[in-house]
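In my numbering, the protein residues as written are 136 to 480. Quick reminder that beta carbons are idealized off the backbone N, C-alpha and C, glycines included. Just so it is clear, the structure is predicted and the values come from calculations on it, not from any experiment. Just below is one structure, and these are the notes that go with it.
Set out below in structure tokens:
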């Protein structure tokens, strides 16, 4: 297997991505050929460590014809513009959530990428259904669970951050911060099952953060099909269950649980999943359980990205419209955070 040369742009969060790409499975598919950051010292230090090319200017990097793929890990505000420059240079992209803060700009660049036959993937929503969501969909169909009625989703961590002038400090660029930063996974997951959103409500507070943005937040979503969803995200909980991404979905005739209940979490188990489905047949309970490693929605699908770059056709690939549906919720969420009222999506 010949690895594909990739350049990592943005070395703050991109530094974490590099660590992942130096391990399996990412390193099977991609070779880090260059790094790029406006901070020259940071870029040079990483380049020396990786023994790769160093850039501080994106256009100079894009002029390098020997690098066909870009990993873009800058902040979400204005990312569509950077993506447009990359795809117009004839390169494919792996980027990250949140994809953008402007739904229209996001949809425009995703559609342009399709016209140009360029690939843009991100971790959430993933290019194809993750194993955990695929299993939930399989149970829904196999046991005829019916329409989704409601859901509760939780993600928390223990942050004690200070203001640093980054986009995390700016409500315009980081609306309802805990939901935008770690609850975004739940938004994208639930859109897959509930479909088109109708309206949102929010609550938020600042309990321990040094940033001007909140660290404790709750998002309510009403969907057009009548389904109701609540997403709780917090940076204030220190219980050794960080990023647990628990989820409960109630269907008409059954309920599915993901990582619900006590679930001690370590770096070795962050991507592990415990699923349980409860329904009934002929008056008798039916329970199904499944444990899965490396299956949690939100992980980077490097193998899928590799196959797509090699020309493989992906079945049931995520559409631009599905990606942007979550961003439309985020846009309404930002308005609700500012207004304090219910906002239509």
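Beta carbon of residue 260 nearer than 7 Å to that of residue 384: no
Neighbour-count burial assignment, residue 136, 16 or more Cβ in a 10 Å radius: exposed
Alpha helix (DSSP H) runs wholly inside the region 313-369, at least 4 long, in chain order: 319-329
Residues that residue 512 bridges to, as DSSP identifies them: Nothing can be reported for residue 512, as the shown portion of the chain is limited to 136 through 480.
Check whether residue 367 and residue 289 have beta carbons under 7 Å apart: yes
Cutoff 6 Å; reference residue 211; Cβ partners in own chain excluding five residues on either side: 233, 235 and 236
Beta-ladder partner(s) of residue 381, from DSSP: 289
Check whether residue 422 and residue 408 have beta carbons under 7 Å apart: no
Beta-ladder partner(s) of residue 188, from DSSP: 169
Any non-hydrogen atom of the ligand PLP within 6 Å of residue 336 CB: Summarising the ligand content, the structure contains no ligands, and the ligand PLP is consequently not present.
Where the alpha helix (DSSP H) through residue 455 begins and ends: 455-474
Alpha carbon of residue 434 to alpha carbon of residue 479, nearest angstrom: 30 Å
Range covered by the alpha helix (DSSP H) that runs through residue 247: 238-250
Own chain partners of residue 248 with C-beta closer than 6 Å, once the 5 adjacent residues on each side are dropped: 222 and 255
Within 7 Å, strictly: CB atoms of residue 145 and residue 437: no
Distance between beta carbons of residue 148 and residue 231, contact taken as under 8 Å: 7 Å
Inter-stretch contact (C-beta, 8 Å, three-pair minimum) for the region 333-351 and the region 451-460: no
Option nearest residue 296 by Cα separation, candidates 344, 468 and 397: 344
Contacts around residue 325, its chain only, beta-carbon distance under 6 Å, and the 5 residues preceding and following it disregarded: 286 and 364
Whether residue 167 touches residue 193 by CB criterion (7 Å): no
Beta-carbon proximity check, residue 455 vs residue 242, cutoff 7 Å: yes
Segment limits, alpha helix (DSSP H) that includes residue 438: 437-444
For residue 204 and residue 153, believed in contact at Cβ under 8 Å, the rounded distance: About 14 Å; that fails the 8 Å criterion.
Nearest to residue 477 (by Cα), restricted to the options 175, 335, 202 and 219: 335
Cβ pair residue 370, residue 292 closer than 7 Å: yes
Neighbour-count burial assignment, residue 389, 16 or more Cβ in a 10 Å radius: buried
Through-space distance from residue 473 to residue 306, alpha-carbon basis: 9 Å
C-beta atoms of residue 219 and residue 179 nearer than 7 Å: no
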